[in-house]
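A quick write-up on the structure given underneath.
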Amino acid sequence: MTVPAPYHLALSAVLFTLGMVGVLVRRSALVVFMSIEVMLNAVNLAFVTFARLRGVVDGQLLVFFVLVVAAVEVVIGLAIIVDVFRAMETVDVDDVDLLRG
Amino acid sequence: MSTADLVLVGPELVLTIAAVVVLLQDAWATGGVLEPQTPRPAAVWGSLAAVGLALVWDVGGRRWGPAFGGMYVRDQFTMIADLAALAAAGLGILLSSAYLPRVRLPAGEYHALLLLATVGAMVMAASGSLITLFLGLEILSFSLYVLAAIARRSRRSLEAGLKYLLLGAFATAFFAYGIALIFGATGSIDLREIGAARPSRLLGAGIALLTVGLAFEGALVPFHAWAPDVYEGAPLPVTAFMSVVAKVGAFAGLLRVFPLALAHLAGVWGPMLAAIAVVTMILGNLAALFQTNLKRLLAYSGIAHAGYLMIGVAAGGPAGTWSVLFYLLVYVAMNLGAFGVLLLLARQGMEADRVEDLAGLSGRAPWAAAALVLFLVSLAGLPLTAGFIAKLYLFRAALGAHQPVPALVGVLTSVVSVYYYLRVASAALSGGAPQAVAVLRNRLVGAALVLATAGVLWLGLFPAGFTAAVQQAARQAAAAVR
Amino acid sequence: MLIPVLAVLVPTLPLAGWALNGLWGGRFTRRTVAIVACGAVAAAFAAAALLLWQIRLAPPPGRAPAGGPSWIVDLYSWIGAGSIQVPLRLLVDPLSVAMALVVGGVGLLIHVYSVGYMDGDPGCARYFAYLNLFMASMFWLVLAGNLAAMFIGWEGVGLCSYLLIAFWFTRPAAAAAGVKAFLVTRLGDVGFLLGIFVAFGVFGTTDFGVMTRDAGARLALGGGAATALALLLFAGAAGKSAQLPLYVWLPDAMEGPTPVSALIHAATMVTAGVYMIVRLHAVFLRAPAAMDLIAAVGAVTAIFAAAAALVEPDLKRVLAYSTISQLGYMFLAVGVGAFSAGIFHLTSHAFFKALLFLAAGAVMHALGGETDMRRMGGLARRLPRTTAAFAIGALALAGIPPLSGFFSKDLILSEAFRAQAWLWAVGVAAAGLTAVYILRAFALTFLGADLRGAEGTAHDPPPSMAAPMWILAGLTVAGGGLGWSFTHPGILERFLLTGLRAGAGPPARAGGAGEGTLVAASVLVAVAGIVVGWLVYVRRSLRGGVPALAGLLSHRFYIEEAYAVGVIGPVRALARVAAVADRTVTDAAVMGLARALGRSGQALRGLETGYLRHYAAFVLVGVLLILAYWVSR
Amino acid sequence: MGPLTWLIALPLLGAAAAAAVGRDRERALRMVGLVTSVLVFAIAALVWGRFAPGAASLQFEEHAPWVPGVGLVYHLGVDGLSVSLVALTALLFPLALGAAAQQLAGRAKGFVITALLLETGMLGTFMAQDLVLFYVFWEGMLIPMYFLIALWGGPGRAPAAMKFLLYTMAGSALMLVALVAVAFAGERIAGRFTFDLPALLARPLGLGGPYESVLFLAFTAAFAIKMPVWPLHTWLPDAYAEAPPVVTMLLASVMAKAGAYGLLRFCLPLFPEAMRAFGPLLSVLAVIGILYGGAIAWAQGDMRRLLAYGSMSHMGFILLGIFALNLPALQGSLIQMINHGISTGALFLIAGMLIARTGRADTDGYGGAGAGAPTLAAAAMIVALSSLALPGTNGFIGEFLILLGTFQARPAAAVLAAFGVVAAAAYLLAFIGRIFHGPVRDGLASMGDLRREELAILVPLIAVIFWVGLYPRPLLARSEATVRALLANAAAAQTAARQGPHVAAGGGTSP
């Protein structure tokens, strides 16, 4: 049984929105980071769905790019977060507010 | 992939290879010490050589055409944008040569990332499809994330890196979603095909989200909030380089998308981008008025300049396109020049980034002070400098596109900007020099300043040649997508 | 042809004297300064005399402005802009030559007098430089061939008046009086300037010849243009000649050295207004209403100033009010169309008033600068010759025959009677007052007890000062001959020619009998005045009077106070208010805008909280806005 | 390279030469400044002397493409409007540099360089015939001026300099947009996008209506602030009072003229209709400025502020003359620009000499200075007389023609403005009186009279005062043909605009 495309898209939108909300409400840098990953995966879902809808493979191809990008992001992101933790002994984004104005 | 394709992406290729080589050589030479105290001439000269080679390849090569099935486009537009990006890289390398060993930043990583960021901006400028744009954007921003946080022992630097990373990634997600929606609406990610597609609501939504990612990188309001914090927190040479290279990439991308690919929708995006330009100019200039930290001041100034650049994008058409291209190179020269003078100063071994640190500079280093004044005057858009000509082109484009409002706001906010630029300039020209601040002598930094000065003066007094080049580039690029 | 050369020499010789003494006077000896200054004026006077000889001799080339013979000397084109052309042009005709002679003659005498008077003053060179500059300006004024060129001299004499009143500039009163004189006359000069503009509008030029020739054609009799032109020019004349209500500067002008008062503020400059009206009589005759006003102003000024002189305690200021009063007579004369009578009185007044001033100067010289008559008295014994000179001048002023003042004043009164009886009545009353106040001055100064007692070493002035006085006394005595006649035009009038009456019709002379009655009446009044004065001030047998009137008089009808309250006060207050408002309103509006921008900048900085989540929220807001925009299109 | 390019280039070369001289060699630096400016004056005098008076068109033209792609032209030229202003500017700079050598001790290097840059800007402003080139010089002179005030000024220099800069720039900012709009209008008419003024004027722009008014106001705002016109003048007292007197002299003598010049050079030919329509309004502002400035000057206690407001009052006459739009008034305004430059400049120089002697600028601190310094007092007197328009001095020629022309066009305005002449006498004699007259203050008796080098600065100005006052023909003749042509073209354009259909004014309106 195939789920109709609009449902996939709706799911993608919901996932994206969830990630978005996560970025806004969570305090831990790690969780914020994960929320962004959720958003990127929502993008992937959208790509795949549209590729199916359009019958073009480009969409699936794009997913790989996004995946790679997400992976790189994780690598860099975690490294920075670790450094931040080492320097400030916290990963709470609300505590990282030396710079302002 | 053919040899022809490789020849066309040659400049990017050179830089990428150089980045890897520099990284490895440095690691090998230092034995992995992350905080070296000695200069690393190999990294510096290697990177410079790579930039030079890329420049020669780019400008001297004069090979145009699409590569990789149209995903990559090398044309005169690319060449001009590359010129700006490479200028940013070259000046950035020269300017940082004194700073890096002084505050013990890892030279290999620094130079490798700097070269990669340049590649990112160049790829964005050369994108024939949204995926190339996406890739370029990510290459650019990842490098910058790391560069911002490269001073690992500085909490400010780390904070800058973290904020930049999280917000950047957040914006990237929108950008990617935008690509997905456009793909959904048109079935293609090729910019030419998107341009030919029938407008739809879905396409509109996709374009809207696409705008977000680019506007974030360009620090346009309301996606600008990262910029002041990151600029302030990042090490000074990084800030300097970042402030220009991100703009080159972002605005090259914006030009590729809006005036070039989506020319027929100008009636829709024109007013929107104009509105962004207006609020960006206003916010950037007003918030900069009372800044006492020079990096932060220049950050807001950078936001303001993003607003000016956006005037050209919003105006669209060849005139808008070429005036933005012109402005980008000018901006590279004058902004890096201003930062370069700051890099000559050190307060107790640290960055001298307060306005009062500049006091009495004219007495200690008259040429540097004069150069600083020139750059600030140019940033303020006052005549006899390139900044004026560049702004004139932008305002002319706006009026030509029947958009008087951005032009008016542009000139009026330029007047506001004079306040903070010349406040800094008079600080440098008067008063007694503070004891704690030392003025460094460095040949490479000096060379960078001379180059930037020459650029600002040359483009201000004799802009005809470069103007013709950017006009030609804009016409060619516009014709190619039509 | 000598006339152009002479005409140019007349003003340029004193100008050269000014340049010499002004630039190098500091290095000259006192003697050289005096020789240069007096020599320049003497030469100019000689040139003017030669000019007289020449124009009697030479055949007239034209009959331009005054209907009489005239010579035009064009120097060069001064101001030119399209149709507006102002040549620097001299006009030599009997009127200008007569004036030049009066100016040069009295000027020369006073220069000579000054040598003695200013002996010992460290600013001697400056004094003579100013005096020569004045002579040059005054000569230029009377010789100028058009209104605009005349304005150079007109303002030039005003400048010199300012400079000489404020000659002792470290004295605050002198400095203030100089400024006052300049400003008040300049107020009148605004009228003069506007008059020039109207003249350009009407005639396309201000050339006297053209204006006189075309007045009938271009100006409707009693028309608006004619009246405006006449009134505007009269405003200038009233300022320069100290007529109501612009007289206020002249009494204060007595702060200057006394020879200056004699030359500028009695004999020459203050009569420039009269001269100008006579010069342009053809224009004024086209505006009967303005003429009536001029005559009325003259008459009222004559009696008003005479009354003011009655209670003035300062000798020089008495003479100043007297001058104002006598100038009033001259305006009365020109106002009723008796132009040559005006010039006649101008001339005789120049003689006797200069004489009075020089005599007063001799008194001051003797008393170390004292001018307050309440501290004088009995000087007749110690300064017998000065007393005699003053007495001659006083009698002339009072209008006692056969002195010159009698003839000229009488001519004016008889002309006034013919025009309007009330003008005559006022004039006669003023003549009576004149006799009273000048007797009062004479009595307080020269008669009575010697208030200075034994301290006085006062003596008559040295010859260099005495000689000019005697020459002037002689002129005062003989000057009546210039215009004396019952039935014929006098010498002066014949010289000036009937052209002065061009447009007014032939001179209508009254019959001998009526004329005789009038003369008798005015002589009677003068004698009565002297008698009353004698009784009041010498015999002190008449006392009392009206205190309220005395108060009113001693405050000159509160005109100065009215100026202070009505003009100077408000202007000063307005200027202060404007100065404050410029900062607190006009500037504050601009600075307020700047501050508002600054505040909004600070507010925008407040958005940059440092919290990542806020930044993300901005991004989200931006996303929603842009999405909403695109989706709604 | 023609003489006009040399006029621009020489100060730049001089500045470069000064930059190469060591900072502590003050004498050498001053010599560089003086020699350069004297050479510039020699060239300017040559241009002035060889200028053919009868011709209306530009002379000594230099024409070269600058940025062909956007219609920018390097086009220099002088005509009747500008030739005398160029000479005036070139005359004042050697005097200013000479006075600066006596009044500003130390930091000569920066001063000489900045002043020479300023000279380039000022001379260029009067010679540029391309809208953008004009704007380049117009704004270009602001920056050196800003630094001259901000670095060499009095205690309140920083805010005063910034206020001056921002105020004047705010005005010119709108002009920048407007001049681009004008170029677009020209493109619609002629089919070619250019900023070259003569090319734009080759045929009527056909603006008309509200669009012309808007553009006119944008240009006029810039010029009015620079002059300054009431009520846009409030930068002036601060800037004039805080700047060193030598710089104030340049501000008042040259920079203020640039505003008036701009009205004649650009507004009159480009927007003749609006010039006429806004004439009454601007004449009212001019009259207010004359009387208001005069009144405030009278009430000032600081001599520089007194002269500043007085200068503003005098600029009101020039504005009045410009908007009378007839030959005598325009000629008067042009010659008055020169006169005002000479007289006000000399007044500020004298103020500077006084301040250099006593260190005080409030007039109450003076009194009786004429006793100790008779030559200075005499010089001040002559200059003041020229400023209060005494006939025989230069000031009279200008104000006479202005008032005469205005009287023909707007009698009421002329009558009111004529009282400004009295106001001028009031505050100038107050200035003279408070400083040179009255009881001699302590210390002022030994103040010291004019030195030889100070005399050398004042004598040329005084010579000009009398020369122009007595024989203004050379000046008037040089401008008459140009002014005549300007008025004729404006009238022709106006009739054309009235008769022909209005060309749609598109550029500058939102889609």
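Chains as they are written, first to last, in my numbering: chain A, 1 to 101; chain B, 102 to 583; chain C, 584 to 1216; chain D, 1217 to 1727.
Don't be surprised by glycine CBs; every beta carbon is placed ideally from N, CA and C.
- [ ] Using a Cβ cut-off of 8 Å (strictly closer), state whether L1208/C contacts chain A.
- [x] no
Task: Integer Cβ distance of I693/C from A937/C, believed to fall under 8 Å - done: 7 Å
Task: Any chain B beta carbon closer than 8 Å to L1176/C - done: no
Open item on the list: Bridge partners for G166/B per DSSP, in chain order?
Closed with: R175/B
Open item on the list: Can you check whether the C-beta of P648/C is within less than 8 Å of a C-beta belonging to chain B?
Closed with: Confidence at P648/C is low in this model, with a pLDDT of 47, below 50, so the placement of that residue is unreliable and no value is reported for it.
Task: chain A residues whose Cβ lies nearer than 7 Å to that of L266/B - done: I76, G77, I80
TODO: Please decide whether S660/C counts as near chain D, where near means a Cβ-Cβ distance under 8 Å.
DONE: yes
Task: Integer Cβ distance of A528/B from L437/B, believed to fall under 8 Å - done: Not a contact, Cβ separation roughly 20 Å.
Open item on the list: Just to confirm before moving on: does the CB-CB distance between G1583/D and G1654/D stay below 8 Å?
Closed with: yes
- [ ] Reducing DSSP to helix, strand and coil, say where D1454/D ends up.
- [x] helix
Task: Top-ranked residue by Cα proximity to A719/C, from A626/C, L1058/C, I638/C, I907/C - done: A626/C
- [ ] List the residues of chain C whose Cβ lies closer than 7 Å to the Cβ of D97/A, in chain order.
- [x] G1193, Y1194
TODO: Just mark V247/B as buried or exposed, buried being the case when its beta carbon has 16 or more other beta carbons within 10 Å.
DONE: buried
Task: Inter-residue Cα distance where the pair is M913/C and I877/C - done: 10 Å
Task: Three-pair Cβ contact test at 8 Å for the stretch 310-328 of chain B versus the stretch 79-88 of chain A - done: no
TODO: Tell me, please, whether the CB atom of A29/A is closer than 8 Å to any CB atom in chain B?
DONE: yes
Task: Cβ-Cβ separation, M1663/D to A1589/D (assumed contact under 8 Å), whole Å - done: 5 Å
Open item on the list: Three Cβ pairs or more, each shorter than 8 Å: is that satisfied between the stretch 771-786 of chain C and the stretch 803-819 of chain C?
Closed with: yes
Task: Within the stretch 692-738 of chain C, ranges of the alpha helix (DSSP H) (whole runs, at least 4 residues) - done: 707-726
Open item on the list: List, in chain order, every chain C residue whose beta-carbon is nearer than 7 Å to that of Q1547/D.
Closed with: A664
Task: Residue burial classification, W1213/C (beta-carbon count within 10 angstroms, cutoff 16) - done: buried
TODO: Decide if Y710/C is buried, meaning its Cβ has at least 16 other Cβ atoms within 10 Å, or exposed.
DONE: buried
Open item on the list: Does the CB of S527/B have a neighbour CB from chain D at under 8 Å?
Closed with: yes
TODO: Evaluate the contact criterion for the stretch 777-793 of chain C versus the stretch 822-839 of chain C: three or more CB pairs, one atom per stretch, below 8 Å.
DONE: no
Open item on the list: Short of 8 Å in beta carbon distance, which residues of its chain neighbour V1348/D, apart from the five on each side in sequence? Order them along the chain.
Closed with: L1288, L1395, F1411
Task: Alpha carbon of S479/B to alpha carbon of H1556/D, nearest angstrom - done: 34 Å
Open item on the list: I want to know whether the stretch 91-99 of chain A touches the stretch 329-338 of chain B - three or more CB-CB distances under 8 Å.
Closed with: yes
TODO: To the nearest angstrom, report how far apart G1495/D and F1539/D are at their CA atoms.
DONE: 5 Å
Open item on the list: Taking DSSP's pairing of strands, which residues face G663/C in a bridge?
Closed with: Q668/C
- [ ] Look up N543/B in the DSSP assignment and say whether it is helix, strand or coil.
- [x] coil
Open item on the list: For a test of the three-state rule: what should DSSP assign to F1487/D, helix, strand or coil?
Closed with: coil
TODO: With 9 Å as the C-beta to C-beta threshold (strictly closer), list the residues of the stretch 1277-1292 of chain D near chain B in chain order.
DONE: P1281, W1282, V1283, P1284, G1285, V1286, L1288
- [ ] Measuring alpha carbon to alpha carbon, tell me which of G1568/D, R1667/D, L1507/D, T1221/D ends up nearest Y1643/D.
- [x] L1507/D
- [ ] Compare the C-beta of L15/A against all C-beta atoms of chain C and say whether one is closer than 8 Å.
- [x] no
Open item on the list: Using the three-state DSSP reduction, which class does A1344/D fall into: helix, strand or coil?
Closed with: strand
Task: Closer than 7 Å at the beta carbon, the chain A residues around V546/B - done: None at all; the shortest Cβ gap to chain A is about 26 Å.
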